[in-house]
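Quick note, the sequence shown lines up with residues 1 to 131 if you use full-length UniProt numbering. Using N, Cα and C, we set each Cβ at its ideal position, and we do this for glycine too. To keep things clear, I will list the structure first and then write my remarks on it.
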Amino acid sequence: MPLIRFFVQEGRSAEATRTMLDAAHQVVVDVFGVPQRDRYQIVSEHKPGQMILEDTGLGFERDPSEQVLVQVFTSPRAQEAKLAFYDQLAAKLQDVCGLDPKNLMISIFENTQADWSFGFGRAQYVTGELG
């Protein structure tokens, strides 16, 4: 059920974007244990100069044309799962997309089951329609 937003600089091909999304979804399935068809992803493309992702004082430079910001909206996850997600997503995107891990920034936002409606104006977790 995580909703994942990808912020990237415009210019990736549709195939490269799909490869990135597929890789990220596999990590979500593997790490968070969600069903295969529990997939919610949005890509926002930005013109050069519209994304500024600095290093927070860690001493490295990102490639502005390659940087990717991933925001994950999800029900609460254990710290170990979050750390595994960060690690495995960076490794998977490097492996299948060639994304240098220094160009990847990830942020997880937690919410509750009452914060999700998957359609029909109902909170399916709360109503019992989803387990």
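For this session: Give me the Cα-Cα distance between F120 and K102, rounded to the nearest whole angstrom.
Result: Stepping through the sequence shown from its first residue, residue 120 is reached at position 120. Stepping through the sequence shown from its first residue, residue 102 is reached at position 102. Approximately 41 Å, taken between the alpha carbons.
For this session: Since I believe Q88 is in contact with V31 (beta carbons under 8 Å), could you give me their beta-carbon distance rounded to a whole number of angstroms?
Result: Numbered from 1 along the sequence shown, position 31 holds the residue referred to as residue 31. Numbered from 1 along the sequence shown, position 88 holds the residue referred to as residue 88. Indeed they touch by this definition, with Cβ atoms about 6 Å apart.
Problem set entry | Opening and closing residue of the alpha helix (DSSP H) in which F32 lies | Within the sequence shown, residue 32 is the residue found at index 32, counting from 1. Where F32 is concerned, the enclosing alpha helix (DSSP H) stretches over A14 to F32.
For this session: Starting from the Cα of L58, find the closest Cα among M105, Q9 and A90 and give me that residue.
Result: Here the question's residue 58 lines up with position 58 in the sequence shown. L58 has its Cα closest to that of M105, out of M105, Q9 and A90.
Exercise. Mind pulling the alpha helix (DSSP H) runs of 4 or more residues that sit fully within the region 33-69?
Worked result: none
Exercise. P35: buried (16+ other C-beta within 10 angstroms of its C-beta) or exposed?
Worked result: Within the sequence shown, numbered from 1, the residue matching residue 35 stands at position 35. By the 10 Å Cβ count, P35 comes out exposed.
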